[in-house]
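Residue numbers (the working numbering), protein chains in the order written: chain A, 66 to 306; chain B, 690 to 1182. In what follows, a structure is listed as structure tokens, so that the remarks can point back to it.
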């Protein structure tokens, strides 16, 4: 579904992303982990054509994202608050996204009914603008809006951050359900190793823009990741000495 | 502590995202400041001789005193609209060991060094020196007058401060004060009770008894204290948050559904305008400026039809100019979403074009009563509207592709240059003067009708080519997309 070849991004002489080849097949739940500045958001921004690659290309369903807009109808994403329109109420925002994705008001209402417990009564019918919601509730709106209209590719940057524990658990279930029928490709980045190993069948670790690990998730994955990242700590301490 | 605040200010100024980018704007502001300084200084130096010459049998100082009150009222008005209050971002300071009073004092003292406080000095000091030099009064008397005037200027400064800080959320509380001013103004106008005369008498008395200069100084201190207490009471996070919790307005603009694919964008734009302070003001401005014709048409001074073309373009296009010049900066805060959602750029732009064209049509309809001043004027206005829709709308949208400055929707539009860049200045010229030039040439060489036909022809041509023009403009937006997304992320002013 998604292929990146020879992809790199350079900011002021520093290579912040450098991926020789990455292939994400259709229906995979793909997790991206790495420390701050590892290039996770850069990768997603490139995939959404929000920034230009220095070299290489990303193909989304064989469409070069920087050449054509044809990937937009089947790709949905939530990166940060700049994906929300602050002066709309959550309902209006959902209807707006629905309009863009060919779902009418009734479709959206039916769709939203599935997320009643995810919203926990704090989103719908509260007569509040999105800009007045708390960070966590804004995130919930963004995530759910990214699922409207059965997109084939869903991109979520740090979906678990800022959410309360109950919602985190519910979100994990939502993501699992999403990839169950193997039609939707889900890309997630996270700092939470436990969540990402639970949800994703494949995990790529980025370090300074380079994919250093590409793991098929199994029982051993969590401990492998934990030892990798504590190895980083160990290495840093060794350097200091 | 003050040194640290100053250090913070310094850093925030020179490290803000747009330092260097808005040099042009700064140059303009500095030029304006210099211009006003020189103008005031010239007035200050020339005032005494001028008064003496025009009213030889009157005492210049008493003449000036008569107008002090009027001047103060105007000054307050100007300050209210133009002066930006110093702000200190208190959020990061709240959890640090900084006494509240110190931070508040810093903000208040900083406001004393505003340019607006220096302007009157350019008049007060030269005029005072003149008075001393001429020897009508003693040195101490004039010094007392000067001190009193300077203190009064500061009073106005702090009065403006308190009005802005305390009453902008609750303008109704100001109604009694405004009523009082209006009543006093009316009494003055109808010569029932001339408050300015009595105020002038008071100032004259002060000149004779210079120790009374202490009164305005005490007033300054009182105002300062009031501000201090008011600001201290707001020195909490929730003081800023509380007001925001307004019930959402859920008007739906369902009628836009008729426009098919463009409906969601039209709805979004209408909500954008309706629910945010800055775009909403553009509507009021448009309605207000519709009265512009009243100043032009009755007067013979502007009798040339080319002037009427200017008025027509301006009146029917004022919303177009105010709103259109900041497309797509209005959507800056969620531009990444617009760019990654399933939104064809051409639809996005077409909906903006349609909204602006509507505004032109509505303003053109509202301007029909000007038929009172003659058929010609109605004709010119309609032709100007057609030209606006056909030619100026695409020009504006094209120039919008050079916008890469963010706009915060909720900031007041007065003296707000956020989002203003070179593009806004440059696009104004072809927008307003090209049609005037075309009309003037045709009118001069062929005739009035030829001018009208020429402009409407261009308008219709623009409408016929609309679709391919929009395609071209969308291409330009596509190319500039990355620069826009990046620019809109910069939050600094």
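Quick reminder that beta carbons are idealized off the backbone N, C-alpha and C, glycines included.
Go ahead and pull the three-state DSSP assignment for residue i.
i, result
"residue 121 of chain A", "strand"
"residue 96 of chain A", "strand"
"residue 896 of chain B", "helix"
"residue 1033 of chain B", "coil"
"residue 222 of chain A", "strand"
"residue 269 of chain A", "strand"
"residue 1182 of chain B", "Note that residue 1182 of chain B has pLDDT 47, beneath the 50 cutoff, so the model's placement of it is unreliable and no number is given."
"residue 298 of chain A", "helix"
"residue 138 of chain A", "helix"
"residue 1133 of chain B", "helix"
"residue 76 of chain A", "strand"
"residue 931 of chain B", "For residue 931 of chain B, the predicted model reports a pLDDT of 49, less than 50, meaning its position is unreliable and no value from the coordinates is stated."
"residue 83 of chain A", "strand"
"residue 69 of chain A", "strand"
"residue 976 of chain B", "helix"
"residue 788 of chain B", "coil"
"residue 109 of chain A", "helix"
"residue 252 of chain A", "strand"
"residue 143 of chain A", "strand"
Can you tell me which of the options puts its alpha carbon nearest to the alpha carbon of residue i?
i, options, result
"residue 833 of chain B", "B:879, B:846, B:855, B:906", "B:906"
"residue 866 of chain B", "B:880, B:878, B:848", "B:848"
"residue 692 of chain B", "B:716, B:799, B:1033", "B:799"
"residue 909 of chain B", "B:762, B:972, B:797", "B:797"
"residue 1149 of chain B", "B:719, B:1122, B:1081", "B:1081"
"residue 138 of chain A", "A:215, A:222, A:283", "A:215"
"residue 1127 of chain B", "B:721, B:1033, B:996", "B:996"
"residue 227 of chain A", "A:167, A:200, A:218", "A:200"
"residue 120 of chain A", "A:246, A:280, A:177, A:69", "A:69"
"residue 792 of chain B", "B:1147, B:1086, B:920", "B:920"
Is the beta carbon of residue i sitting closer than 9 Å to the one on residue j?
i, j, result
"residue 141 of chain A", "residue 212 of chain A", "yes"
"residue 892 of chain B", "residue 727 of chain B", "no"
"residue 961 of chain B", "residue 152 of chain A", "yes"
"residue 251 of chain A", "residue 262 of chain A", "no"
"residue 134 of chain A", "residue 207 of chain A", "no"
"residue 267 of chain A", "residue 93 of chain A", "yes"
"residue 754 of chain B", "residue 904 of chain B", "no"
"residue 202 of chain A", "residue 188 of chain A", "yes"
"residue 971 of chain B", "residue 1074 of chain B", "no"
"residue 278 of chain A", "residue 102 of chain A", "no"
"residue 1076 of chain B", "residue 1151 of chain B", "yes"
"residue 764 of chain B", "residue 814 of chain B", "no"
"residue 97 of chain A", "residue 1029 of chain B", "no"
By Cβ distance, which residues of its chain are closer than 8 Å to residue i, with the 5 residues on each side in sequence left out?
i, result
"residue 876 of chain B", "882, 883, 884"
"residue 260 of chain A", "225, 233, 237"
"residue 1136 of chain B", "none"
"residue 113 of chain A", "130, 140, 142, 144, 220"
"residue 1024 of chain B", "1017, 1173, 1174, 1177"
"residue 158 of chain A", "149, 150, 195, 206, 210"
Chain A partners of residue i, CB-CB under 7 Å?
i, result
"residue 965 of chain B", "152"
"residue 1031 of chain B", "137, 138, 165, 166"
"residue 960 of chain B", "152, 153"
Does the beta carbon of residue i fall short of 8 Å from some heavy atom of the ligand ZN?
i, result
"residue 114 of chain A", "Although the ligand ZN was asked about, the structure shown includes no ligands whatsoever."
What does a CB cutoff of less than 7 Å around residue i pick up in its chain, not counting 5 residues either side in sequence?
i, result
"residue 180 of chain A", "209"
"residue 1055 of chain B", "979"
"residue 1046 of chain B", "1078, 1082"
"residue 931 of chain B", "Annotation note: pLDDT 49 at residue 931 of chain B (below 50); position unreliable, coordinate value reported separately. There are no such residues."
"residue 821 of chain B", "828, 831"
"residue 90 of chain A", "66"
Residues of chain A with CB under 9 Å from residue i, in chain order?
i, result
"residue 1160 of chain B", "In chain order: nothing, as chain A lies at least about 13 Å away."
"residue 972 of chain B", "Result: empty, since nearest Cβ-Cβ is about 15 Å, beyond 9 Å."
Give the interface partners of residue i over in chain B, defined as CB-CB distance under 8 Å, in chain order.
i, result
"residue 118 of chain A", "Chain B residues near residue 118 of chain A: none, gap ~11 Å exceeds 8 Å."
"residue 161 of chain A", "953, 956, 957"
"residue 73 of chain A", "Within 8 Å Cβ-Cβ: nothing; residue 73 of chain A doesn't reach chain B, min ~16 Å."
Can you list the residues of chain A that residue i reaches, using a CB-CB cut of under 8 Å?
i, result
"residue 667 of chain B", "It is not possible to answer for residue 667 of chain B, since the shown part of chain B is limited to 690 through 1182."
"residue 1171 of chain B", "115, 116, 117"
"residue 1098 of chain B", "151, 152"
Can you pull the chain B neighbours of residue i, defined as C-beta to C-beta under 9 Å?
i, result
"residue 224 of chain A", "Simply none; closest approach about 16 Å."
"residue 148 of chain A", "1023, 1025, 1026, 1029, 1030"
Between which residues of its own chain and residue i is the CB-CB distance below 6 Å, once the five residues before and five after are set aside?
i, result
"residue 750 of chain B", "820"
Going along chain B, which residues have a C-beta under 7 Å from residue i?
i, result
"residue 134 of chain A", "1033"
Q) the stretch 884 to 909 of chain B: which residues have C-beta closer than 8 Å to a C-beta of chain C, in chain order? A) The structure shown contains no chain C; the protein chains it does contain are A and B.
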